[in-house]
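**Student:** First residue of the sequence shown: 2, per this note's numbering; consecutive thereafter.
Every residue, glycine too, gets a C-beta built ideally from N, C-alpha and C.
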Amino acid sequence: MGGGANVEAVTEAFRIILDDSNVKAILVNIFGGIMKCDTIVEALLGAYENVGITVPLVVRLEGTNVELAREMLEGSDRDIISATDLTDAAQKVVATLGA
2 MGGGANVEAV TEAFRIILDD SNVKAILVNI FGGIMKCDTI VEALLGAYEN VGITVPLVVR
62 LEGTNVELAR EMLEGSDRDI ISATDLTDAA QKVVATLGA
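(1) Is the CB-CB distance between I41 and A6 below 8 Å?
(2) Do you know offhand how far T12's Cα is from D21's?
(3) Run through DSSP, which three-state label would I18 get?
(4) Would you kindly report the start and end of the unbroken beta strand (DSSP E) that includes R61?
(5) G47 by DSSP, collapsed to three states: which one?
(6) Can you give the Cα-Cα distance for V8 and G99, rounded to whole angstroms?
(7) Just to confirm my understanding: we take E75, look at its own chain, exclude 5 residues before and 5 after, and list those with CB closer than 8 Å. What are they?
(8) Which residues bound the alpha helix (DSSP H) around A91?
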């Protein structure tokens, strides 16, 4: 997200991704170095609502405020799968697709 994340930018990104009917899942891999992970999760959660995501969404976070961000994901009522690292994220995407 290039050092900046807001609901509008993430919403647009999800819409572009989901315009492709071949998309079966979304994997978001974030390293929050400049931008805090909790700020990124706020944008992800808002965008999730705006777009109405219907495919599995797996999110891997690392960086500043990562524990708070993971708690925010787990405490949300959205169907978002949290992953601990990139390998875990990839495995979870594959598992959701039944491959």
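**Tutor:** Let's see:
(1) yes
(2) 15 Å
(3) helix
(4) L58 to G64
(5) helix
(6) 30 Å
(7) S83
(8) L87 to L98
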